[in-house]
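In this note's numbering, the protein residues as written are 48 to 204.
Working notes, beginning with the structure itself.
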């Protein structure tokens, strides 16, 4: 928490992005291929509350908010299975922006998570990347087309 506080104090950051998909193994059961328990989910929720407190305190001190974004799996149950209680984060106002997935497949059902975020007035940005796909000259914009009918907020590339 000290490092986060130092970043917030030392730099004019607009926000912090927590990438929970970089290496989504946070607790021992996950290493063994098991679902985590409630105590693990509680620990992660406590961490998010501490991070939110830190960003809010520093935002008040400098007179400008520090937004908090979280990148999570595209499925609520999958998130819970590794200790990420996205719905609680949304309900308690712990995050300002939800980024869905890492390299979202274009057929992946993201609408349920978009709807959940919108229920709590939090924008949801599906993460679209064409890593591993040959770009045939059309650029990135057409790749986001499958998400447009899902009422996604702007896409995250």
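Ideal Cβ positions, reconstructed from N, Cα and C, are used throughout, including at glycine.
The structure displayed is predicted, hence computed values, not measured ones.
DSSP state of residue i mapped onto helix, strand, coil
i, result
"residue 84", "coil"
"residue 116", "strand"
"residue 13", "For the chain, the structure presents residues 48 to 204; residue 13 sits outside this window and is missing."
"residue 159", "helix"
"residue 171", "strand"
"residue 66", "strand"
"residue 142", "coil"
Own chain, CB closer than 6 Å to residue i, minus 5 neighbours either side, in chain order
i, result
"residue 189", "Unreliable positioning characterises residue 189 in this predicted model, as indicated by a pLDDT of 47, which lies under 50. The coordinate reading is nonetheless provided below. Counting only Cβ-Cβ distances below 6 Å, and skipping sequence neighbours, we find nothing."
"residue 128", "82"
"residue 88", "130 and 132"
CB contact flag (residue i, residue j, <8 Å)
i, j, result
"residue 63", "residue 72", "no"
"residue 137", "residue 167", "yes"
"residue 61", "residue 114", "yes"
"residue 146", "residue 116", "yes"
"residue 101", "residue 68", "no"
Cβ shell of residue i (< 7 Å), same chain only, five flanking positions each side left out
i, result
"residue 56", "105"
"residue 80", "none"
"residue 74", "83, 87 and 130"
"residue 54", "60"
"residue 91", "73, 130, 131 and 132"
"residue 99", "115 and 141"
Contacting residues, own chain, Cβ-Cβ under 8 Å from residue i (five flanking each side not counted)
i, result
"residue 96", "139 and 141"
Among the options, nearest to residue i - alpha-carbon criterion
i, options, result
"residue 48", "93, 85, 83 and 116", "93"
"residue 58", "76, 111, 70 and 174", "111"
(request) Examine the Cβ distances between the segment 156-175 and the segment 115-127 and report whether three or more of them are shorter than 8 Å. (result) yes
(request) Please determine if the segment 162-170 and the segment 130-140 are in contact, where contact requires at least 3 C-beta pairs separated by less than 8 Å. (result) yes
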